[in-house]
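Taking our numbering, the leading residue of the sequence shown gets 820, the next gets one more, and so forth.
For glycine and all other residues, C-beta sits at the position ideal for the given N, C-alpha and C.
Contents: one structure, followed by commentary.
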Amino acid sequence: MKLYLNATSPYARFVRVVALEKGLKPELVWVDPWSNDPALLAVNPALRVPALETDAGLCLSESMLIALHLEQEGATPQLLPKEMQDQVLQLMGWGQGLTDAAFNTVIARKHQGSAVDQSELGKRRLAAITHTLQQLEHQAARLEQLNLGSLLVAVALDYLSFRLPEIQWQKHYPMLADWQQTLLQRDSFKSTAFA
Ligand SMILES: N[C@@H](CCC(=O)N[C@@H](CS)C(=O)NCC(=O)O)C(=O)O
């Protein structure tokens, strides 16, 4: 198994965290998704990380789909238990929505300047971040269990700290911050810190 990734992608970090939690060790192939790297193009026509080349030679893209594949590959721990499936999928949706809103804010600012935050789409992205944080704080107790949803939310929150620190989410959402601190102590998070 080969995982194509870079060190700042929240999507790639989520997949890496899942692999580590499942005890899987894909070979890591470091690429720059913005440089039209032919090696990445060969495994993902969308030229995005993460991409996973399976041992059978199939190339998977989209972080949540790769995570589902890894969940099947490693027997334990179960990160998408059948009896909790819909709750976990709901959390995954919130985590992915938060990641998308944060990542697209960062990329839009990079290409168009920070005034883009005042555009209609910019405002919607920032509102999505606020609404999702409020919802997660309200539901913080549901995050206790280790699963694909809680891992994705924890990575999304760390991406906010990394790229949008001015939001100061820890100050405004203390239960969420307490919970995330414990997850950040896990080896899977420590060894994949954004850089
Ligand atoms: N929906 C995708 C998003 C992946 C994504 O946007 N990755 C970024 C890096 S964080 C990327 O490779 N961007 C390069 C590009 O869009 O050309 C997923 O969940 O994997």
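Beta-ladder partner(s) of residue i, from DSSP
i       : result
Tyr-823 : Val-848 and Ala-870
Leu-879 : Leu-871
Short Cβ contact (9 Å threshold) for residue i with residue j
i        : j       : result
Leu-995  : Leu-962 : yes
Leu-899  : Val-907 : yes
Thr-1011 : Val-850 : no
Gln-915  : Ser-882 : yes
Gly-893  : Lys-841 : yes
Leu-1002 : Ala-973 : yes
Gln-964  : Met-903 : yes
Pro-896  : Glu-956 : no
Leu-824  : Leu-847 : yes
Neighbour-count burial assignment, residue i, 16 or more Cβ in a 10 Å radius
i       : result
Asn-966 : buried
Ala-838 : buried
Ile-948 : buried
Gly-968 : buried
Glu-890 : buried
Gln-909 : exposed
Leu-940 : exposed
Glu-872 : buried
Leu-884 : exposed
Inter-residue CB distance, residue i and residue j (contact presumed, cutoff 8 Å)
i       : j       : result
Ala-886 : Phe-833 : 7 Å
Pro-852 : Leu-866 : 6 Å
Ala-959 : Trp-998 : 6 Å
Leu-983 : Met-911 : Actually they do not touch by this definition, with Cβ atoms about 21 Å apart.
Exercise. Between the segment 914 to 927 and the segment 995 to 1013, do at least 3 Cβ pairs fall closer than 8 Å?
Worked result: The segment 914 to 927, when compared against the segment 995 to 1013, does not touch it at the 8 Å Cβ threshold.
Exercise. Between the segment 860 to 868 and the segment 924 to 944, are three or more C-beta pairs nearer than 8 Å?
Worked result: Touching, no.
For this session: Report yes or no: do the segment 824 to 834 and the segment 967 to 986 share at least 3 C-beta pairs separated by less than 8 Å?
Result: Verdict: yes, contact present.
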